[in-house]
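Residues are numbered in my numbering as their position in the sequence shown, beginning at 1, plus a constant of 39. Virtual Cβ for every residue (Gly too), placed ideally from N, Cα, C. What follows is a single structure, written as structure tokens, with notes after it.
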Amino acid sequence: MSNYHIKTVEEYHQAYRRSVQDPESFWGEIARENFVWQKPWDTVLNWDFTKPEVSWFEGAQLNITENCIDRHLPTRGDKTAILFEPNDPSE
40 MSNYHIKTVE
50 EYHQAYRRSV
60 QDPESFWGEI
70 ARENFVWQKP
80 WDTVLNWDFT
90 KPEVSWFEGA
100 QLNITENCID
110 RHLPTRGDKT
120 AILFEPNDPS
130 E
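Have a look at this one:
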């Protein structure tokens, strides 16, 4: 599912069904294929709606800059990484 792009409404419905029927597998696959993890998770999803309480990717660690910037350097290192768009144009 790497570089997952939904092209049709039917593909959307299939992905949605899978995400609801087996969220641990669905989101685990998305996370594994699309992020660099410093430490993998122990549990993808731990939930208890009687409390309510939901925890995602327990035990996992990642480096946000590695995922947002560093992993793109080999193919996009010569491009602008971050643009600043102020709320006030005079900033």
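Spatial neighbours of residue i within its chain, please: C-beta separation below 7 Å, excluding the five flanking residues on both sides.
i, result
"D109", "none"
"E97", "W80, D81, T82, N85"
"N106", "F74, V75"
For residue i, is the beta carbon positioned less than 7 Å from some heavy atom of the ligand ADP?
i, result
"L101", "Absent from the structure shown: the ligand ADP. Ligands present: none."
Suppose you measure from the CA of residue i to the CA of residue j; what does that come to, to the nearest Å?
i, j, result
"K118", "P91", "44 Å"
"L122", "G116", "15 Å"
"Y51", "I69", "15 Å"
"W66", "H44", "15 Å"
"A120", "T89", "43 Å"
"K46", "H111", "24 Å"
"Q53", "N126", "39 Å"
So, with DSSP's three-state summary, where would you put residue i?
i, result
"N126", "coil"
"D87", "strand"
"V93", "strand"
"T82", "strand"
I'd like the list of long-range same chain contacts for residue i, defined as Cβ closer than 6 Å, with 5 residues on each side in sequence excluded.
i, result
"S219", "What is shown of the chain runs 40 to 130, which leaves residue 219 out entirely."
Beta-carbon within less than 8 Å of residue i's beta-carbon, same chain only, minus the 5 sequence neighbours each way: which residues are those?
i, result
"R57", "S64, F65"
contact_flag[the segment 95-110, the segment 71-82] where n(CB pairs < 8 Å) is 3 or more: yes
contact_flag[the segment 83-90, the segment 56-67] where n(CB pairs < 8 Å) is 3 or more: yes
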